[in-house]
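Residue numbers (our numbering): 857 to 974. For every residue, glycine included, the Cβ atom is placed at its ideal position computed from N, Cα and C. Working notes, structure below.
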Amino acid sequence: MDEEQSIVKQKLDRELSHLEFSKQADVIRRTYPTTLRGRLRALWNKELELPVIPLGTAFALLFTAAFLYHGGRQPKSHPEPVPGGTPEQRVLIEAGGSIYWKDEIERRLSQHENPNQG
Numbered sequence: 857m858d859e860e861q862s863i864v865k866q867k868l869d870r871e872l873s874h875l876e877f878s879k880q881a882d883v884i885r886r887t888y889p890t891t892l893r894g895r896l897r898a899l900w901n902k903e904l905e906l907p908v909i910p911l912g913t914a915f916a917l918l919f920t921a922a923f924l925y926h927g928g929r930q931p932k933s934h935p936e937p938v939p940g941g942t943p944e945q946r947v948l949i950e951a952g953g954s955i956y957w958k959d960e961i962e963r964r965l966s967q968h969e970n971p972n973q974g
């Protein structure tokens, strides 16, 4: 086995003996830059590997947290129950081709008619 390897190595050395590597200084300069410009160029040429699963998980968690935060800040669409009273039945009315809750229309109309009272 060692003899085969040595024969192959000798053959390879003979075939590659006429080749010279003349860009050694250029490769070393690019591999180990000493100037700021060279360092920035090396940084710019870095290959970036982004793991899909952790980034996807982080994005999903961020999206869910933003959705829950935004949902918690939205006002409630149903009226607050009157303390000590029975919950009233909500009634739908049609106005201008659209359907609205009667209590919402009355509340908005009262705010519009009396803006100083809140």
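R893 versus S878 - alpha carbon distance: Within the sequence shown, residue 893 is the residue found at index 37, counting from 1. Within the sequence shown, residue 878 is the residue found at index 22, counting from 1. About 24 Å.
Residue span of the beta strand (DSSP E) that contains E950, given as start and end: As a working mapping, residue 950 is identified with position 94 in the sequence shown. E950 -> beta strand (DSSP E) spans L948 to A951.
Distance CB(L965)-CB(W957) smaller than 8 Å: Here residue 965 is taken as the residue at index 109 of the sequence shown, counted from 1. Here residue 957 is taken as the residue at index 101 of the sequence shown, counted from 1. No, they are not a contact pair.
Whole-number beta carbon distance between A898 and P889, since they are thought to touch under 8 Å: As a first step, residue 889 must be located in the sequence shown, where it is residue number 33. As a first step, residue 898 must be located in the sequence shown, where it is residue number 42. The beta carbons of P889 and A898 sit about 5 Å from each other, so the pair counts as a contact at 8 Å.
Euclidean distance between Cα positions of K902 and P910: The count along the sequence shown starts at 1 and reaches residue 902 at position 46. The count along the sequence shown starts at 1 and reaches residue 910 at position 54. Whole-angstrom Cα-Cα distance: 21 Å.
Where the alpha helix (DSSP H) through Y925 begins and ends: Within the sequence shown, numbered from 1, the residue matching residue 925 stands at position 69. Annotation for Y925: the continuous alpha helix (DSSP H) segment containing it runs V908 to R929.
Contained alpha helix (DSSP H) runs [length at least 4] in the stretch 857-898, N- to C-terminal order: If only complete runs of 4 or more residues are kept, the stretch 857-898 shows the alpha helix (DSSP H) at 858-872 and 880-887, in order along the chain.
Separation of L924 from R885, as counted between CA atoms: Here the question's residue 885 lines up with position 29 in the sequence shown. Here the question's residue 924 lines up with position 68 in the sequence shown. Straight-line Cα distance between these residues: approximately 53 Å.
Residue(s) in a DSSP beta bridge with W957: Within the sequence shown, numbered from 1, the residue matching residue 957 stands at position 101. The partner list for W957 (beta bridge, DSSP) reads L948.
Inter-residue Cα distance where the pair is D858 and V864: Taking the sequence shown and counting its residues from 1, the one referred to as residue 858 is at position 2. Taking the sequence shown and counting its residues from 1, the one referred to as residue 864 is at position 8. Spanning the two alpha carbons is a distance of roughly 10 Å.
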